[in-house]
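Going by full-length UniProt numbering, the first sequence opens with residue 1, and the numbers climb by one from there.
The block underneath contains the structure these notes are about, expressed in structure tokens.
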Amino acid sequence: MDQKKGTENVLLDVDFLQKLVVGIGEVSEITGVPARKIRYWEEKGIIQSEKEGEGTTRRYNYLNIKKILLIQELVEEGYTLDSAAKKVEDRMENLNEAFRKLATLATDQKDDA
DNA sequence: GTTCTCACA
DNA sequence: TGTGAGAA
């Protein structure tokens, strides 16, 4: 992590994150949040999962996982589910915007030789 | 492995 | 707000 990284490495990071999609069980394991709680939150409308084609299994990308993680930490700090979800969604917009810019920069600077 | 619903605290 | 259990 200390050598000069080429632009392709940056692209790999973004591409890697974008392709991370797992089931509720995996999310439950990596976030420590019980699967039932995740479904409960989605039922409340504070998180959104993606359905996989014809199957009914929920799929979660890294943004969803990050959202779940953030909300979980906020709730553990004493926030109510609603307020935690509100704060997280607000922060997610900033994060997405920053990552969008990063992806744009990484894509544009691939030919400066 | 996943989904749902009913019920309870 | 979050869980347990049964059933598909």
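Ideal Cβ positions, reconstructed from N, Cα and C, are used throughout, including at glycine.
Keep in mind it's a predicted model, so treat the numbers as computed, not measured.
field: Distance, T80 Cα to I71 Cα
entry: 10 Å
- request: Give every residue of the same chain whose Cβ lies closer than 8 Å to the Cβ of G23, excluding the five residues on either side of it in the sequence, and list them in chain order.
  value: T57, R58, R59, Y60
message: Closest to I46 by C-alpha separation, out of D15, E89, G55, would be which residue?
response: E89
query: Count the other CB atoms within 10 Å of the CB of I65; is the residue buried (16 or more) or exposed (fewer)?
result: buried
message: Considering only the alpha carbon of each residue, which of I68, T104, K51 lies closest to S28?
response: I68
task: For the beta strand (DSSP E) holding Y60, just list the boundary residues, first then last.
output: 58-61
- request: Just mark A98 as buried or exposed, buried being the case when its beta carbon has 16 or more other beta carbons within 10 Å.
  value: exposed
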